[in-house]
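Residues in the sequence shown are numbered from 1250 upward in steps of one, following the numbering used here.
A virtual CB, placed ideally from N, CA and C, is assigned to each residue, including glycine.
Comments concern the structure below.
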Amino acid sequence: MEEQEKQDKPGSEVQKNEQEGKGSSQYRGNQRRRFYNRNRRYYSPRYSQQNRDRIKFNKVSIVIPLLNEEESINLLANEIRKVLKQTDLSYEVIFIDDGSTDNSLKVVKEICRTDKRFKFLSLRKNYGKSAALQVGFLQTTGDAVITMDADLQDDPSEIPNLLKKLGEEFDLVSGWKKIRHDPFVKKYSSKFFNFVTRIISKVKIHDFNCGLKAYRKEVIQDIQVYGELHRYIPLLAHWKGYKVTEIVVKHHPRRYGKTKFGISRFFKGFLDLITVVFTTRYIRRPLHLFGFLGAIAFL
1250 MEEQEKQDKP GSEVQKNEQE GKGSSQYRGN QRRRFYNRNR RYYSPRYSQQ NRDRIKFNKV
1310 SIVIPLLNEE ESINLLANEI RKVLKQTDLS YEVIFIDDGS TDNSLKVVKE ICRTDKRFKF
1370 LSLRKNYGKS AALQVGFLQT TGDAVITMDA DLQDDPSEIP NLLKKLGEEF DLVSGWKKIR
1430 HDPFVKKYSS KFFNFVTRII SKVKIHDFNC GLKAYRKEVI QDIQVYGELH RYIPLLAHWK
1490 GYKVTEIVVK HHPRRYGKTK FGISRFFKGF LDLITVVFTT RYIRRPLHLF GFLGAIAFL
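Have a look at this one:
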């Protein structure tokens, strides 16, 4: 398979069309709900209770961003093959090498050479996980999309469980690493981050940053991620009117390499949270934000 390269960050942000409400606040609320809900698939008759069990995905795309994971990649590919062999699903696996400096790209190329269900994209430098995911999303051909990390901490055996839950009228299913095997600082900073995000956003997800997620294709077509926004995809999807849920997934200790977590990413994540909240909640009501900030300043 020929090497494919992406040199720049993915394209510009999706422009959002909005309907302007008129009259009473109740009318405006109804207008907003109509706007956000008009494309929600689970309103379709085919998602009725009696048809739920017959929902089936024709093809699954698995998007895996990676950075310096040369020792894990072959094991991960073998586990994915083993799990999906037990299903009747057609699938593709898309590796996105995010500027690795070890032999990760070489390992990926060899996997793709021997198994045409595996593909790869190579970024010339490290753009970050959000950019890598966005590049991978643009290449997917499946009607369902799975994302997972390449470090073997995400368990491929959870893929069928995510897809099963996705078929139950949901548009996005996020994994919840209820029992985590991470260093102390990473584990508890993540708990704090998730708690604050849950309070601010009012989206009842326990683990926003879990790499193991399942999406319907239209969700990733409707949302673009950059910076550290990959961790906020459930929020963005929820605020766009998609139906979001979570399931508990297995999580394993890291076997090879080093964690990519750092305090700088933690603070960048909170800056992006402020951006997300402003653009989704206050872009049409800026005076509400200034009134809120003024109240804080007064206190």
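message: Please tell me whether valine 1356 and glutamate 1328 are closer than 7 Å, where the distance is taken between their beta carbons.
response: Residue numbering aside, residue 1356 sits at position 107 when the sequence shown is read from its first letter. Residue numbering aside, residue 1328 sits at position 79 when the sequence shown is read from its first letter. Contact flag unset, no.
message: Our contact map puts lysine 1334 next to threonine 1389 with C-beta atoms below 8 Å; I'd like the distance itself, whole angstroms only.
response: Within the sequence shown, residue 1334 is the residue found at index 85, counting from 1. Within the sequence shown, residue 1389 is the residue found at index 140, counting from 1. Their Cβ separation, rounded to whole angstroms, is 21 Å, which puts lysine 1334 and threonine 1389 out of contact at 8 Å.
query: Any idea if phenylalanine 1444 is buried or exposed, counting beta-carbon neighbours within 10 angstroms, 16 or more meaning buried?
result: The residue you call residue 1444 lines up with position 195 of the sequence shown. With a threshold of 16 other beta carbon atoms within 10 Å, phenylalanine 1444 falls short and is exposed.
field: phenylalanine 1457 - DSSP class collapsed to helix/strand/coil
entry: Position 208 of the sequence shown holds residue 1457. Under the three-state reduction of DSSP output, phenylalanine 1457 falls in the coil class, being neither helix nor strand.
- prompt: Cα-Cα, which of Arg1429, Tyr1475 and Tyr1464 is closest to aspartate 1456?
  reply: As a working note, residue 1456 is residue 207 in the sequence shown. Among Arg1429, Tyr1475 and Tyr1464, the Cα nearest to that of aspartate 1456 belongs to Arg1429.
task: Determine the DSSP secondary structure at glutamate 1341, reduced to helix, strand or coil.
output: As a first step, residue 1341 must be located in the sequence shown, where it is residue number 92. Strand, per DSSP.
query: From Ser1349, Cys1361, Ile1311 and Glu1359, pick the residue whose C-alpha is nearest to that of glutamate 1341; which is it?
result: Here residue 1341 corresponds to residue number 92 of the sequence shown, with the count starting at 1. Comparing Cα positions, the closest option is Ile1311.
query: With burial defined as no fewer than 16 other Cβ atoms inside 10 Å of the residue's Cβ, what is the status of proline 1483: buried or exposed?
result: By one-based count along the sequence shown, residue 1483 stands at place 234. If you draw a 10 Å sphere on the C-beta of proline 1483, you find 16 or more other C-beta atoms in it, and that means buried.
message: Using a 10 Å radius around the Cβ and a threshold of 16 neighbouring Cβ atoms, would you call asparagine 1323 buried or exposed?
response: The count along the sequence shown starts at 1 and reaches residue 1323 at position 74. With fewer than 16 neighbouring CB atoms inside 10 Å of its own CB, asparagine 1323 falls in the exposed class.
query: Helix, strand or coil: which one does DSSP assign to histidine 1500?
result: Position 251 of the sequence shown, counted from the first residue, corresponds to residue 1500. Histidine 1500 sits in a strand when the DSSP states are folded into three classes.
message: So for lysine 1308, helix, strand or coil by DSSP?
response: Mapped onto the sequence shown, residue 1308 falls at position 59. In this structure, lysine 1308 counts as strand in the three-state DSSP scheme.
Asparagine 1317, buried or exposed, once every other Cβ within 10 Å from all chains shown has been counted against 16: The count along the sequence shown starts at 1 and reaches residue 1317 at position 68. Answer is buried; the Cβ neighbour count reaches 16.
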